[in-house]
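Some notes on the structure that comes next.
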Amino acid sequence: MDDFDLSGLIEDYLEDARTAVEKIDTLLLELEQGAAAGSVEDRIFSELLSLLHTLKGNSGMMGYDRIERYVHNGETILKMLREGEADYDPETLTIVVDISSNLSNALVEIAREKGINPDLSSYSAALTERIEYFEQLEAHVDAPDSNLSATETAIEEPADDDSFVAPPVEEPEDIVDEGEAKDRKEDSSRRYLGVSSNIVRVDFTRLDKLLNLLGELVIHRTRLEQLIFELAERDLDPEYTETIGETSLKIGSIINELQDGIMKVRMLPIGQVFSRFNRLIRDLAREHQKMIDLAVEGSDTELDKKIIDQISEPLLHLVRNAADHGIETPAERRKADKIAAGTIKLAARQESNHIIIEVEDDGRGIDTTRVLKRAREMGLVGKDEALDEAAKLDLIFHEGFSTRTTATETSGRGIGADVVLKTIGRLGGMVTVDTEKGKGTKFTITLPLTLAIVAAMLIESAEKLYAIPLSSIVETIKVRKENVLIVNGCEVIDLRGKIIPLLHLEKVFNLPSTSESEIYYIVIIGTEDKNIGVVCDRLIGQQEIVIKSLDEYIGEVFGISGATILGSGEVVLILDTISLIRYNLREGGVVGSI
Amino acid sequence: MLKKILVVDDSDLIHNMYRLILKKYPGLKQIDAANGIEALKILGEEDDIELILLDINMPLMDGLTFLSVVKREGIYSNVPVIIISTEGKEEDTLRGLEMGAKGYVTKPFKPAELLKIIDKVAAEYNTN
């Protein structure tokens, strides 16, 4: 309310508000009587909510935000009482019935001192505490412990201490009096102590430390297994060796369980991120004068907290895009025979050892013609260069690409699809996009389940070892050199009808080329429609590796996403599959499929 | 230049607030109605109203009912309507837009936001 002096309207506000508060007071009294008698007429709730709603709007417009918030909380608790989600216990009733007098006092304050913004925060807090108390009760009755994975049933250990989590199931009939007295006493303790919970809050750095230690353990476990293997080969004391081997196995399996356990502790439901977008979508809709609904699926899909932290921004970019470019105005949508409100859907699910997150909208789809035009304007594509649909679509991921020439209030400048790709790539994941003109667009993000310890394939190329995360590998094949074709000067293979371009790591990393073997071992990496084959001299085998970041030491290196230490102590570089795929495209490699 | 608008809202305070905000349009006449029925009566009497600011949430005849009547009949079926909504009433706002309202703001809004929408809607109306 900066430019406008609303002080002249205070009298009007007070007049309206006083009338409303009087009516609210009468209704609250009726509510109290109804509660004592055992039932409250629904009419009382409708009238109360309507009055509060108007008062909230007026207070907000006048800048009395604390009154606004207090009234909002009042609305919430009343709605909960109406739906039976809250009880008419003495404390709640007191707080609710006090609403009218607290509001009345606030109005008196305003009347006395014009410039004041009455502070109702302690009353607001009391209401909020009640609301959360009832919400927690609801949650505890319905849902299993959220720290357990979705596939496990919640079998809670009975609490050892005296404080209980749910009311006692059955009291024997003849001890009714004692039981009642016990209930009432426990009720009052509960009021002060709150509901005991099995959930702890932990500083995440402690979990990181645990994970690091676990990582070391995994490295040494592998080393131990190797040593025992070598020991067995020496055949010195077979029985003794076997005993050592057994113990090592036991340790190994406990480490596996420990790993599972620690990973699980770090997992959080992605719903936390999804729910933050409600406000954003409302604001975006308002700004563009569009109507946009947010649909959410798979909120309890769990991800490592580190991944969740890093994924929020890319998701934000994609959601903004959908709201800015994807969804049309209600008028446009009506013309296109669509319902006036557009939908942006966030969905998450787990598939084997991946997490799939989709950002989908039912808007106008990506106009590849416009994309191509813009790319030509930006000099990314030559004037005469022809591209197929997939390649045109892929342009939006190009570094610096943007169709926006002006910034908007909520979106700033630029699409940021290139940033999204980069961020997801650094997490070891992939992003793909599907679009249909007039129907909508879907971005699919694939992420590995865990960050720190992953399964990888070790390969050797030009006498160097590399690790490729298993999550990026589509398949591995063996090919004779004579079966390799040359297309446009690039080596490719024909895999069941699909053309897959090949990549020699020595060429990518500028290393001397050594072998001239007849056999190519090829690791095919990528997604459904964009595959490349990494040529190796040898496939060493699959192994669990602990990912160590190199960022602090040598910064970002093209094609490398980190390093790992083998049991032997050898340092092996981990390949960054996304950048390798894009390298292939950039260098004029042949794009994917037939 | 905007000459005459109709404001439909059950709160006198809001009427006066709009009056203050709309001082930006010199010579603008603002007619107030407290509910849909009053508003329809006014539309019957005046014939040069150029814009309607409509509160969704009103007693006697609520905003949407009023809107459906306006859109049905006679000379005012094309006059631009801006819906004044509140958080939590998205369904109603959507219904209103589907019925032909040209824009919406959500209480509490900054005066500048309202002015922006009014300008935009009025401009579109004038070019048609």
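Sequence order for the protein chains is A and B. Just so we're aligned, residue 986 is where the first sequence starts under our numbering, counting upward by one. Just so we're aligned, residue 2 is where the second sequence starts under our numbering, counting upward by one. Ideal Cβ positions, reconstructed from N, Cα and C, are used throughout, including at glycine. What you are looking at is a predicted structure, and each value in this text was computed from that prediction instead of being measured.
Distance check for residue j and residue i, CA to CA, integer angstroms please.
i: A:I1544; j: A:L1535; result: Looking at the sequence itself, residue 1544 of chain A is Gly, so the reference to Ile does not match. Rounded to whole angstroms, A:G1544 to A:L1535 spans 12 angstroms at the Cα level.
i: A:Y1538; j: A:V1439; result: 22 angstroms
i: B:E47; j: B:L7; result: 10 angstroms
i: A:D1104; j: A:K1377; result: 57 angstroms
i: A:R1264; j: A:V1258; result: 12 angstroms
i: A:T1420; j: A:G1482; result: 25 angstroms
i: A:P1129; j: A:I1340; result: With a pLDDT of 43 at A:P1129, under the threshold of 50, the modelled position of that residue is not reliable, and no figure is offered here.
i: A:T1228; j: A:K1466; result: 47 angstroms
i: A:N1306; j: A:D1479; result: 37 angstroms
i: A:Q1244; j: A:R1251; result: 11 angstroms
i: B:A34; j: B:V9; result: 5 angstroms
i: A:D1309; j: B:K90; result: 22 angstroms
i: A:K1064; j: B:G37; result: 27 angstroms
i: A:L1300; j: A:L1288; result: 14 angstroms
i: A:D1328; j: A:D1083; result: Checking the sequence shown, residue 1328 of chain A turns out to be Thr, not Asp. If I take the Cα positions, the gap works out to 41 angstroms.
i: A:Q1018; j: A:A1280; result: 41 angstroms
i: A:M1487; j: A:A1548; result: The residue you asked about is not Met; residue 1487 of chain A is Leu in the sequence shown. About 23 angstroms.
i: A:E1163; j: A:G1023; result: Note that A:E1163 scores 48 on pLDDT, short of 50, meaning its location in the model is unreliable; the coordinates nonetheless yield the value given after this. Spanning the two alpha carbons is a distance of roughly 25 angstroms.
i: A:E1362; j: A:A1402; result: 18 angstroms
i: A:M1582; j: A:V1418; result: Here chain A covers residues 986 to 1579 and nothing more, so residue 1582 of chain A does not appear.
i: A:S1035; j: A:K1099; result: 27 angstroms
i: A:E1336; j: A:I1255; result: 15 angstroms
i: B:A113; j: B:D120; result: 11 angstroms
Leaving out the 5 sequence neighbours to the left and right, which residues in its chain are closer than 7 angstroms to residue i when beta-carbon positions are compared?
i: B:L68; result: L55, V82, G97, M100, A102
i: A:I1160; result: Its pLDDT being 39, under 50, A:I1160 is placed unreliably by the model, and the measurement read from it follows with that caveat. The answer is none, since no qualifying residue turns up.
i: B:K42; result: none
i: A:D1561; result: G1410, G1544, I1545, S1546
i: A:V1464; result: I1478, Y1505, I1507
i: B:I76; result: D48
i: A:T1353; result: E1374, K1377, L1378
With a cut-off of 8 angstroms on the beta carbons, I'd call residue i and residue j a contact; round off their distance for me.
i: A:R1051; j: A:N1102; result: 6 angstroms
i: A:S1446; j: A:C1521; result: 5 angstroms
i: B:I118; j: B:S86; result: B:I118 to B:S86, Cβ: 12 angstroms. No contact.
i: A:V1519; j: A:L1496; result: At roughly 14 angstroms, the Cβ-Cβ gap does not stay under 8 angstroms, so A:V1519 and A:L1496 are not in contact.
i: A:L1303; j: A:V1203; result: Not a contact, Cβ separation roughly 34 angstroms.
i: A:D1346; j: A:T1426; result: 6 angstroms
i: A:G1042; j: B:P109; result: 7 angstroms
i: B:L95; j: A:A1316; result: Between A:A1316 and B:L95 the Cβ distance is about 13 angstroms, and since that is not below 8 angstroms, they are no contact.
Locate the beta strand (DSSP E) running through residue i, then write down its first and last residues.
i: A:V1439; result: 1438-1446
i: A:E1336; result: 1327-1336
i: A:K1427; result: 1425-1433
i: B:Y19; result: Per DSSP, B:Y19 belongs to no beta strand (DSSP E); it is in the alpha helix (DSSP H), 13-22.
i: B:I50; result: Taken as a continuous stretch (DSSP letters only), B:I50 belongs to no beta strand (DSSP E), as it is neither H nor E.
i: A:I1559; result: 1556-1560
i: A:L1585; result: Not covered by the structure: residue 1585 of chain A. The range shown for chain A is 986 to 1579.
i: A:G1547; result: 1545-1550
i: B:V8; result: 5-9
i: A:L1380; result: That residue, A:L1380, is in no beta strand (DSSP E); it is neither H nor E in DSSP.
Which residue or residues does DSSP assign as beta-bridge partners of residue i?
i: A:R1319; result: The partner list for A:R1319 (beta bridge, DSSP) is empty, contrary to what the question assumes.
i: A:Y1506; result: A:K1463, A:C1521
i: A:T1420; result: A:T1426
i: A:K1483; result: A:L1480
i: A:Q1528; result: A:A1441
i: A:V1472; result: A:C1475
i: A:E1282; result: A:A1332
i: B:D93; result: Per DSSP, none; premise fails for B:D93.
i: B:S86; result: B:T107
i: A:H1489; result: A:V1520
i: A:D1346; result: A:I1329, A:T1426
Going along the chain, which residues of its own chain have a beta-carbon closer than 8 angstroms to the beta-carbon of residue i, five neighbours each way excluded?
i: B:A123; result: L3, E51, L52, P81
i: A:Q1527; result: A1440, A1441, M1442, L1443, L1455
i: A:R1115; result: I1062, A1071, E1076, T1077, I1080
i: A:E1529; result: V1203, T1207, I1438, V1439, A1440, A1441
Skipping 5 residues on each side, what residues in its chain have a beta carbon closer than 6 angstroms to that of residue i?
i: A:A1360; result: V1366, L1380
i: A:R1584; result: Because chain A is modelled from 986 through 1579, residue 1584 of chain A falls outside the range shown and cannot be assessed.
i: A:I1351; result: T1420, T1426
Tell me the residue span of the alpha helix (DSSP H) that contains residue i.
i: A:S1297; result: 1290-1306
i: A:H1205; result: 1189-1219
i: A:Y998; result: 995-1022
i: A:E1060; result: 1050-1068
i: A:V1080; result: Note that residue 1080 of chain A is Ile in the sequence shown here, rather than Val. Unbroken alpha helix (DSSP H) run through A:I1080: 1075-1097.
Measuring from the CB of residue i, is there a heavy atom of the ligand PLP at a distance below 7 angstroms?
i: A:I1340; result: Summarising the ligand content, the structure contains no ligands, and the ligand PLP is consequently not present.
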